[in-house]
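*Asks:* Have a look at this one before I ask anything.
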Amino acid sequence: MMEIAPAPHRRRLSPFARVLIALGVFAPVTFLALVPTMFGLQRYVVANESMDGGISRGSVVLERRVPISDLKVGDVITYDPPPASGVEGLLTHRVIWIDGIHLQTQGDAQPTPDPWLVPLEEPVMSRVVVSIPYVGLPFVAPIGESVWLLALIVPGSALLLLLLQDSMRARQPRPGPSQTVGTSPR
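In this text, residue positions in the sequence shown follow this note's numbering: the first is 444, and each later residue adds one.
The structure is reproduced here in structure tokens:
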């Protein structure tokens with residue numbers, strides 16, 4: 444009688460290793476998505492190069508809403524430029540002048556101040572507390588919809604295939620320790 448050894452069993456990750464991997468993947472995302480809001484901070488991604496030298500394009504800035512009276516020259520704020528400015532969307536620039544009714548801003552990479560005054564009509568404004576470079580680059584990268592779709596489908600499909608494979612393995616009966624696979628005698 445000849446015994447044939449079964450194929451070596453692929454070692455499964457321990458629950459502890461799975462938790463570590465999950466934390467390694469989800470902890471940074473959770474940190475950037477949830478923790479700032481727990482501390483009353485807002486998140487923005489800097490989408491242009493106008494603050495290069497201070498805050499680079501693709502940085503995530505964490506900001507706190509502060510009273511207008513707390514703003515000082517040198518603070519970096521995110522605001523909605525006046526409609527007449529021709530700039531659409533939020534803008535993150537440095538405060539270079541305040542008179543109590545208006546303020547003026549300038550991008551660190553810009554040679555001249557912004558050509559408009561920002562009216563101080565609201566009681567609060569978002570002031571940058573910290574910036575985290577490069578984290579927001581995927582959100583401002585010039586890629587098309589098909590690339591984003593591919594970036595979602597490929598990992599999602601791989602995860603689904605791994606789950607199906609795990610499920611199929613769990614359904615297959617495993618030989619007990621005393622069972623051996625052999626051939627019949629001749």
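Each residue gets a CB set at the ideal place from its N, CA and C atoms; glycine is no exception. None of the values given here were measured: they were computed from a predicted structure.
Check the C-beta distance from R537 over to V561 and give it rounded, since I have them as a contact under 8 Å.
*Replies:* The residue given as residue 537 occupies position 94 in the sequence shown. The residue given as residue 561 occupies position 118 in the sequence shown. So it is not a contact: roughly 12 Å between Cβ atoms.
*Asks:* Give the range of the beta strand (DSSP E) segment to which L484 is assigned.
*Replies:* Residue numbering aside, residue 484 sits at position 41 when the sequence shown is read from its first letter. For L484, the enclosing beta strand (DSSP E) covers residues 484-488.
*Asks:* From L601 to Q608, what does the alpha carbon distance come to, in whole angstroms?
*Replies:* Here residue 601 corresponds to residue number 158 of the sequence shown, with the count starting at 1. Here residue 608 corresponds to residue number 165 of the sequence shown, with the count starting at 1. Checking the sequence shown, residue 601 turns out to be Ala, not Leu. Computed Cα separation, rounded: 10 Å.
*Asks:* Pull the bridge partners of M481 from the DSSP assignment, please.
*Replies:* Position 38 of the sequence shown, counting from 1, holds the residue named residue 481. Note: M481 sits in no beta bridge, so no partner.
*Asks:* Tell me the DSSP secondary structure of L533 in three-state form.
*Replies:* Residue 533 sits at position 90 when you count from the first residue of the sequence shown. Three-state DSSP puts L533 in coil, outside helix and strand.
*Asks:* Between L477 and the rest of its own chain, which residues show a CB-CB distance below 7 Å, the 5 nearest in sequence each way excluded?
*Replies:* Residue numbering aside, residue 477 sits at position 34 when the sequence shown is read from its first letter. Excluding positions up to five away in sequence, the list is empty.
*Asks:* So, is T535 buried or exposed, given that buried needs 16 or more other C-beta atoms within 10 angstroms?
*Replies:* Within the sequence shown, residue 535 is the residue found at index 92, counting from 1. Buried: at least 16 other Cβ atoms inside 10 Å.
*Asks:* Rank G501, I464, Y577, D557 by C-alpha distance to the C-alpha of D523 and give the top, closest one.
*Replies:* As a working note, residue 523 is residue 80 in the sequence shown. Comparing Cα-Cα distances from D523 to each of G501, I464, Y577, D557, the minimum goes to D557.
*Asks:* Per DSSP, L505 forms a beta bridge with which residues?
*Replies:* For this step, residue 505 is matched to residue 62 along the sequence shown. DSSP output for L505 lists R486, V573 as bridge partner(s).
*Asks:* Return yes when the C-beta of L595 is under 7 Å from any heavy atom of the ligand FAD, and no when it is not.
*Replies:* For the ligand FAD, the structure offers nothing, since it holds no ligand at all.
*Asks:* Is the Cβ-Cβ distance between V583 and L484 less than 8 Å?
*Replies:* For the purposes of this step, residue 583 is taken as the residue at position 140 of the sequence shown. For the purposes of this step, residue 484 is taken as the residue at position 41 of the sequence shown. Taking 8 Å as the cut-off, the Cβ atoms of V583 and L484 do not count as close.
*Asks:* Contact defined as beta carbons within less than 8 Å: I believe T521 pairs with E506. What is the distance between those atoms, to the nearest angstrom?
*Replies:* Taking the first residue of the sequence shown as 1, we reach residue 521 at position 78. Taking the first residue of the sequence shown as 1, we reach residue 506 at position 63. So it is a contact: roughly 6 Å between Cβ atoms.
*Asks:* DSSP beta-bridge partners for Q547?
*Replies:* The residue labelled residue 547 in the question sits at position 104 within the sequence shown. Beta-bridge pairing links Q547 to W540.
*Asks:* Can you give the Cα-Cα distance for G599 and G501, rounded to whole angstroms?
*Replies:* The residue given as residue 599 occupies position 156 in the sequence shown. The residue given as residue 501 occupies position 58 in the sequence shown. Looking at the two C-alpha atoms, the distance is approximately 25 Å.
*Asks:* Three-state secondary structure (DSSP) at I596?
*Replies:* Reading the sequence shown from its first residue, position 153 is the one you call residue 596. I596 falls in the helix class under three-state DSSP.
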